[in-house]
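Taking mature numbering (1 follows the signal peptide of the UniProt record, and there is no 0), I'd label the letters of the sequence shown as residues -23 to -1, 1 to 203. Positions of the beta carbon are idealized from the N, C-alpha and C atoms, including for glycine. Before any comments, here is the structure.
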Amino acid sequence: MKSNQSFFIKLLIIQCLTVVCFSQDFDFFYLVQQWPGSYCDSKQSCCYPTTGKPDADFGIHGLWPNYEDGSYPSNCDSSNPYDESKISDLIRSMQEEWPTLACPSGNGSKFWAHEWDKHGTCSESLLSQHQYFEAALDLKKDVDLLQILKKAGIRANGESYTLNNIKNAIKDAVGITPWIECNVDSSGNSQLYQVYLCVDTSGKNIIECPVMPRGKCGSSIEFPAF
Ligand SMILES: *[C@@H]1O[C@H](CO)[C@@H](O)[C@H](O)[C@H]1NC(C)=O
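Following this line, the structure appears as structure tokens:
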């Protein structure tokens, strides 16, 4: 009787610890997609992946858990590191849709490991490693940014467009307001760098952003070729 009781007390303690220590609370995700032309054409140079030059398309940067107050959790579980054997069926798609552009040239593993270790572990209570990477890939398939912009006459040809035209083109197509991040090219022109869309905690549904990141674009934004 006595040992039985202590067993249940231990069980209770373990459950409480699990809730307090390991439930990774967050409010929503940012799905961040980057334009490779603006990554490469800025002061920092870029290096194509060892698998070759990526398509002239937006690439996934990451799927980032965030809080409604604008802050975000990071590096939430060092005991669950990136494990490529868990996502081997996704690697081909990730090479296409989530290419690394960092120097020196890499095969992607370092980039994906960074994204999982820093961001993915913070949603591990809801999405396994496989579900996390798959969720980002599926979301990108749902929202073809390049096609959406092209239909609105916004092309990656080095011309400039207004921030409002870019935002409205995406809003009209997706039904949700995006957030646009700019960087500057080597001559100091503001250019379309990353597009943020908010996603609910299931990783499946695009939602209005509870809070937008900070930062500012010029009113006229270049969309460089890649
Ligand atoms: C990339 O290279 C690393 C180190 O050589 C290797 O462990 C990993 O499996 C490679 N990943 C891919 C996707 O080829």
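If you compare alpha carbons, which of P201, T178, G192, F203 is closest to Y7?
Measuring from the Cα of Y7, the nearest candidate turns out to be T178.
Pick from D18, Y25, S51: whose alpha carbon is nearest that of S164?
Looking at the Cα atoms, D18 is the closest of the given residues.
Straight-line CA distance for F(-2) to N182?
With a pLDDT of 49 at F(-2), under the threshold of 50, the modelled position of that residue is not reliable, and no figure is offered here.
Check each candidate in I131, P58, G135, S70 and name the one with the smallest Cα separation from N145.
Measuring from the Cα of N145, the nearest candidate turns out to be I131.
Kindly indicate which residue of K87, G39, L140 has the alpha-carbon position closest to the one of T27.
Nearest of K87, G39, L140 to T27, Cα basis: K87.
Between T139, G14, E45, V9, which has its C-alpha nearest D2's C-alpha?
Among T139, G14, E45, V9, the Cα nearest to that of D2 is on E45.
By the three-class DSSP mapping on this structure, what secondary structure does E185 have?
Of the three classes helix, strand and coil, the one that applies to E185 here is coil, per DSSP.
Starting from F110, follow the alpha helix (DSSP H) in both directions and report where the run begins and ends.
From DSSP, the alpha helix (DSSP H) with F110 extends over 106 to 119.
Short check: CB of S51 to CB of H96, under 8 angstroms?
Cβ atoms of S51 and H96: closer than 8 angstroms.
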